[in-house]
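Visitor:
Numbering (the UniProt record's numbering), first residue to last: 1 to 232.
1. By how many angstroms is the C-alpha of residue 211 removed from the C-alpha of residue 111?
2. Is the stretch 224-231 touching the stretch 143-151, taking contact as three or more C-beta pairs under 8 Å?
3. Assuming residue 221 and residue 186 make a contact with CB atoms under 8 Å, what is their CB distance in whole Å?
4. Look up residue 220 in the DSSP assignment and give the residues it is bridged to.
5. For residue 126, which residues in the same chain have their Cβ closer than 6 Å to its Cβ, ignoring the five residues on either side in sequence?
6. Would you list the residues sitting across from residue 134 in a DSSP beta bridge?
7. Where do the ends of the beta strand (DSSP E) carrying residue 211 lie?
8. Distance, Cα to Cα, residue 164 vs residue 200?
9. So residue 160 is in the alpha helix (DSSP H); what residue range does that whole segment cover?
10. Please state the DSSP three-state secondary structure of residue 86.
11. Determine the direct distance from the alpha carbon of residue 159 to that of residue 226, and round the result to whole angstroms.
12. For the alpha helix (DSSP H) containing residue 197, name the first residue and the last one.
13. Buried or exposed: residue 134, going by 16 or more other Cβ atoms within 10 Å of its Cβ?
14. Assuming residue 174 and residue 206 make a contact with CB atoms under 8 Å, what is their CB distance in whole Å?
15. With which residues is residue 111 paired in a DSSP beta bridge?
16. Within 10 angstroms of its Cβ, does residue 153 collect 16 or more other Cβ (buried), or is it exposed?
17. How should residue 214 be labelled, buried or exposed, when 16 other C-beta atoms within 10 angstroms of its C-beta is the threshold for buried?
18. If you follow the alpha helix (DSSP H) that residue 227 is in, where does it begin and where does it stop?
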C-alpha cells in the first residue's frame, strides 16, 4: 500500500507534463506518427500494469474504459491540435491506471461535509459517539475544534495510532473524523493509518471519516456563526 498516494500522483502528473512538453520542442510536426506510437505504447503499458496490479477486475475495466475515451477524444481532434496534445495525452494515459489504483488502496475512509459534522455535534445522542482528530502540527495553534484530539501526522508513530484505536474502541466511539488544514494530505494520511491500526487490532468501530475541506472550510463556514464549536 502506498503511504504518500496524493503526493506521488501529483509529482507523476507534473513529470509527465514536463516530459511531454520537452519532447514536443524536439520533434517537428512530421513526426506525428512517433507521437501516435508513443500514445498507444503508453496505453498498452498502463493496461499491463493494471492487469498485474489491480486487486479487483471491475476497477481495472473501469479505468481501461477511461483510457479508451482518451484515445477516441484524441483521434477526433484536428491534425494541428492533435500534434500539440497527443503526447501529453499519452503521458496521462500511462499514469491513469497507476493513479486510479490509489483509489482502491486508500479507500479506508469516507468524506464528511462540515455541515454533517455540525449536525452530529449538535445532537446530544451522537455527541458522545463522535471523536474529532486534528492531524495538524504547529498550525493547530491558530484554532481548533472543541474537544478535538491532537494527533499530528508528521510525528505520530504506529504505536500511537494503535493506542488511539484502542481508546476510541473502549470509549465506544462510533465515528472518528480526521482533518488537517484543508484535508488534502495530513488528514487523509492520518485517517488511513488509523484505519490500518483498526484492522490490525480487529476493531470494527469507529467508522473513519475525513472532514471535507478541513479546518479552513469549517472555519470559513462556521467561524462567525458557531464560535461555540471552536477555540480560536
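Built from N, CA and C at the ideal position, the CB exists for glycine as well.
Guide: Taking the definition as stated:
1. Their backbone Cα atoms lie some 6 Å apart in a straight line.
2. Touching, yes, given that three or more Cβ pairs across the two stretches are closer than 8 Å.
3. No, residue 221 and residue 186 are not in contact; Cβ-Cβ is about 20 Å, not under 8 Å.
4. None, per the DSSP bridge assignment.
5. Apart from the 5 residues on each side of it in sequence, residue 126 sits with its Cβ closer than 6 Å to the Cβ of 120 in its chain, given in chain order.
6. Its beta-bridge partners are 150, 179.
7. Residue 211 -> beta strand (DSSP E) spans 207-211.
8. Rounded to whole angstroms, residue 164 to residue 200 spans 13 Å at the Cα level.
9. Segment 158-170, the alpha helix (DSSP H) holding residue 160.
10. With a pLDDT of 49 at residue 86, under the threshold of 50, the modelled position of that residue is not reliable, and the figure given next carries that caveat. Residue 86 falls in the helix class under three-state DSSP.
11. Rounded to whole angstroms, residue 226 to residue 159 spans 35 Å at the Cα level.
12. Element bounds for residue 197: 186-201.
13. Its Cβ being crowded by 16 or more others within 10 Å, residue 134 is buried.
14. Right, the Cβ-Cβ distance comes to about 5 Å (below 8 Å), so this counts as a contact.
15. Secondary-structure assignment with DSSP links residue 111 through a beta bridge to 210.
16. Only buried fits residue 153, as 16 or more other CB atoms lie within 10 angstroms of its CB.
17. Residue 214 is classed as buried because its beta carbon has at least 16 other beta carbons within 10 Å across all chains shown.
18. Per DSSP, residue 227 belongs to no alpha helix (DSSP H) and is neither H nor E.
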